[in-house]
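Undergrad: Right, I'll just put the structure down here and ask away after.
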Amino acid sequence: MIKAALIAGARPNFIKIAALEHAFRQSGHFENVLIHTGQHYDAKMSDIFFRQLGMPEPDMYLGVGSGTHATQTARVMTEIEAVFLKDRPDVVVVVGDVNSTVATALTAKKLHIPLVHVEAGLRSFDRSMPEEINRMATDAISDWLYVSEPSGEKHLLAEGQSADRIHFAGNVMIDSLRRFEDRALATQEHVRRGLEAGSYFLITAHRPAMVDVPERLAIFADALLKLADQGPVVFPIHPRTASRLESLPAGRELMASEQVHLTEPIGYLEFMCLMMHAGLIVTDSGGIQEETTALQQPCATVRPNTERPVTVDEGTNILMDLDAEAIAAAGERALSGSWKEGRIPEKWDGKAAERIAEHLAANL
Ligand code: UD1
Ligand code: UDP
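Here the sequence shown stands for residues 528 to 891, numbered as in the numbering used here.
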């Protein structure tokens, strides 16, 4: 048995690690050690995902919490080094691009432990994004690079990675979506909230470039007020965004609007059900660009770039400027049914983690 340390720290990690944990266990080749760094810790940002995605309790919880980039990264490194020194895994698996990902990668490699990066090679080419730094640094030192879309392979080769380390496995985020979509549908969350399918907008926002700049967040809030003239707006608020919104006049206007449903973060199954039935999803998230493409649901990503170009080239995602009128116009197009058609990208078939488990077991 291969002892595999699976590392999860933040909300999108839990969804990806759930797919890997399941596939590794099913394969019979791995003994999983599930480690939660504690980067995200609120029940609605963490526990609910373990419960709904059928994951076991983490074997270890490092409790690193929030902090500046250096503080958070350093805490993960210190805590996880102690874990690896005490009980050395045969391989360390990291996913995505959050601080827990890069911190674990650096620590594992300095201890000469084989390192796997799942969702490797994505690039926005925007180094002002903390995730871009995390992705580049993690890829540079990983032994196995599993990519989710063809652009990943192209970027890694261009950066000088050798082809035999790179493997196009598909998208593990979509594995979880396919595995749990019936359960998500069964929640009937849109009905529970009194929403009519196809007539409401689902919103998320948490990128520092959007929510940490008051002038930009104010424009986004104004766009949501304009969307609210066309239909109900459901906005589960990320903890980074909550306090910032409260301090803006347009944010307070949002809170006062009857057409706007501001809520805490929503559970995975309920959120997926809301995505399945929304008229349009407006977001700056990474994962949601992929999930909407897999669900063939209209998505407007309010960002100047994406590290997930397949969602724009093949899927139902478009990139948008932060322009309230343009976002409102996208709302009209979506509700009138004239959004572009998309197709599901190659290997987004629910079997990516299975392919990774097989490939890794054969190659380690
Ligand atoms: C992190 C990731 C980002 C990812 C996002 C997913 C990094 C650099 N950023 O951003 O790539 O898209 O997660 O959601 O790793 N907070 C709470 N409760 C929690 C967690 C956070 O209140 O459970 C608050 C704290 O005030 C914290 C802030 O949110 O300071 C930001 O959390 P942090 O993990 O640093 O970054 P995110 O914005 O969540
Ligand atoms: N999500 C959720 N509830 C919410 C908002 C998001 O379950 O209220 C899920 C959704 O499936 C999304 C995932 O969390 O794809 C990732 O979250 P986030 O947008 O925070 O991270 P990113 O993908 O941008 O790193």
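Idealized CB from N, CA, C, for every residue including glycine.
For serine 655, is the beta carbon positioned less than 8 Å from some heavy atom of ligand 1?
TA: Translated into positions along the sequence shown, residue 655 becomes position 128. No, ligand 1 has no heavy atom inside 8 Å of this Cβ.
Undergrad: Shorter than 8 Å, the distance from the beta carbon of phenylalanine 557 to the closest heavy atom of ligand 2, or not?
TA: Your numbering for residue 557 matches position 30 in the sequence shown. Outside the cutoff, so no.
Undergrad: Is the distance from the Cβ of serine 675 to the Cβ of lysine 874 below 9 Å?
TA: Start at 1 with the first residue of the sequence shown, and residue 675 comes out as number 148. Start at 1 with the first residue of the sequence shown, and residue 874 comes out as number 347. Yes, the Cβ-Cβ distance between serine 675 and lysine 874 is below 9 Å.
Undergrad: According to DSSP, is histidine 733 helix, strand or coil?
TA: Here residue 733 is taken as the residue at index 206 of the sequence shown, counted from 1. Looking at histidine 733 - three-state DSSP - the assignment turns out to be coil, as it is neither helix nor strand.
Undergrad: Could you tell me the alpha carbon to alpha carbon distance between glycine 806 and proline 641, rounded to whole angstroms?
TA: Along the sequence shown, one-based indexing puts residue 806 at 279. Along the sequence shown, one-based indexing puts residue 641 at 114. If I take the Cα positions, the gap works out to 44 Å.
Undergrad: Pick out whichever of Asp586, Leu751 and His556 has its Cα sitting closest to the Cα of alanine 888.
TA: Counting from one through the sequence shown, the residue named residue 888 turns up at place 361. The residue with the shortest Cα to Cα distance from alanine 888 is His556.
Undergrad: Please specify which runs of the alpha helix (DSSP H), each continuous and at least 4 residues long, are wholly inside the stretch 676-759, giving them in chain order.
TA: 677-685, 699-714, 716-719, 735-738 and 741-755
Undergrad: Can you check DSSP and say which residues form a bridge with cysteine 826?
TA: Counted from its first residue, the sequence shown places residue 826 at position 299. Ile808 and Asn844, per the DSSP bridge assignment.
Undergrad: Secondary structure at glutamate 558, three-state DSSP: helix, strand or coil?
TA: Against the sequence shown, residue 558 aligns to sequence position 31. In the structure shown, glutamate 558 sits in a strand (DSSP, three-state: E or B).
Undergrad: Identify whether threonine 564 lies in helix, strand or coil by the three-state DSSP scheme.
TA: Reading the sequence shown from its first residue, position 37 is the one you call residue 564. Note: threonine 564 maps to coil in three-state DSSP.
Undergrad: Run through the DSSP bridge pairs and tell me what alanine 621 is partnered with.
TA: The residue you call residue 621 lines up with position 94 of the sequence shown. Checking the displayed sequence, the identity of residue 621 turns out to be valine instead of alanine. In the DSSP output, where bridge partners are listed per residue, valine 621 has His644.
Undergrad: For threonine 790, which option in Glu606, Gly814, Gln757 and His765 has the closest C-alpha, if you only look at C-alpha atoms?
TA: Against the sequence shown, residue 790 aligns to sequence position 263. Looking at the Cα atoms, His765 is the closest of the given residues.
Undergrad: Between which two residues does the alpha helix (DSSP H) containing threonine 628 stretch?
TA: Residue mapping note: residue 628 aligns to position 101 of the sequence shown, counting from 1. Here the alpha helix (DSSP H) through threonine 628 covers 626-637.
Undergrad: Which same chain residues, not among the five before or five after valine 591, have their C-beta less than 7 Å away from its C-beta?
TA: On the sequence shown, residue 591 is found 64 positions in, with the first residue counted as 1. Closer than 7 Å at Cβ, skipping near neighbours: Thr564, Gly565, Gln566, Gln599, Arg602, Val603 and Glu606.
Undergrad: Below 8 Å on the Cβ atoms is my guess for isoleucine 534 versus valine 625; work out the distance and round it to an integer in Å.
TA: As a working mapping, residue 534 is identified with position 7 in the sequence shown. As a working mapping, residue 625 is identified with position 98 in the sequence shown. At roughly 10 Å, the Cβ-Cβ gap does not stay under 8 Å, so isoleucine 534 and valine 625 are not in contact.
Undergrad: Beta carbon of leucine 580, beta carbon of serine 703: below 9 Å?
TA: Position 53 of the sequence shown holds residue 580. Position 176 of the sequence shown holds residue 703. Result yes, Cβ atoms of leucine 580 and serine 703 sit closer than 9 Å.
Undergrad: Are there any heavy atoms of ligand 1 lying less than 8 Å away from the beta-carbon of aspartate 569, as far as the coordinates show?
TA: Reading the sequence shown from its first residue, position 42 is the one you call residue 569. Because some heavy atom of ligand 1 lies under 8 Å away, the Cβ of aspartate 569 counts as near it: yes.
Undergrad: Looking only at C-alpha atoms, which of Gln824, Leu561 and Asp574 sits nearest to phenylalanine 611?
TA: Position 84 of the sequence shown, counted from the start, is the residue given in the question as residue 611. That would be Leu561, whose Cα lies nearest to the Cα of phenylalanine 611.
Undergrad: Quick check: is any heavy atom of ligand 3 less than 8 Å from the C-beta of isoleucine 542?
TA: Ligands displayed in this structure: ligand 1 and ligand 2; ligand 3 is not among them.
Undergrad: Quick one: give me the first and last residue of the beta strand (DSSP E) that histidine 765 is part of.
TA: Indexing the sequence shown from 1 puts residue 765 at position 238. Per DSSP, histidine 765 lies in no beta strand (DSSP E) and is assigned neither H nor E.
Undergrad: I'd like the span of the beta strand (DSSP E) that includes lysine 878, first residue to last.
TA: Indexing the sequence shown from 1 puts residue 878 at position 351. Lysine 878 -> no beta strand (DSSP E), and no H or E assigned at all.
Undergrad: My output table needs one value for lysine 571: the three-state DSSP class, helix, strand or coil.
TA: In the sequence shown, the residue the question calls residue 571 occupies position 44. Here lysine 571 sits in helix by DSSP.
Undergrad: Could you tell me the distance, in whole angstroms, from the CA atom of glycine 679 to the CA atom of alanine 546?
TA: Here the question's residue 679 lines up with position 152 in the sequence shown. Here the question's residue 546 lines up with position 19 in the sequence shown. Looking at the two C-alpha atoms, the distance is approximately 20 Å.
Undergrad: Reducing DSSP to helix, strand and coil, say where threonine 838 ends up.
TA: Within the sequence shown, residue 838 is the residue found at index 311, counting from 1. Threonine 838 falls in the helix class under three-state DSSP.
Undergrad: For arginine 870, which residues of its own chain have a beta-carbon under 7 Å away from its beta-carbon, when the five flanking residues on both sides are left out?
TA: Numbered from 1 along the sequence shown, position 343 holds the residue referred to as residue 870. Closer than 7 Å at Cβ, skipping near neighbours: Glu841.
Undergrad: Any chance you could list the alpha helix (DSSP H) runs of at least 4 consecutive residues sitting entirely within the stretch 771-815, in chain order?
TA: 776-783 and 795-804
Undergrad: Measure the Cβ-Cβ separation of serine 627 and histidine 644 and say whether it is below 9 Å.
TA: Locating residue 627 in the sequence shown gives position 100, counting from the first residue. Locating residue 644 in the sequence shown gives position 117, counting from the first residue. Not closer than 9 Å, so no.
Undergrad: Taking 8 Å as the cut-off, does the CB of proline 759 come closer than this to any heavy atom belonging to ligand 2?
TA: Here residue 759 refers to the residue found at position 232 when the sequence shown is read from its first residue. For ligand 2, not one heavy atom lies less than 8 Å from the Cβ of proline 759.
Undergrad: Go ahead and label alanine 609 buried or exposed: buried means 16 or more other beta carbons lie within 10 angstroms of its beta carbon, across all protein chains shown.
TA: In the sequence shown, residue 609 corresponds to position 82, counting from 1. With fewer than 16 other Cβ atoms within 10 Å, it is exposed.
Undergrad: Verify the contact flag: glycine 581, CB atom, against every heavy atom of ligand 2, threshold strictly below 8 Å.
TA: Residue 581 sits at position 54 when you count from the first residue of the sequence shown. The answer is no for glycine 581.
Undergrad: Could you pull the DSSP bridge partners for alanine 531 from this structure?
TA: What you label residue 531 is simply residue 4 of the sequence shown in a count that begins at 1. Its beta-bridge partners are Asn559 and Val618.
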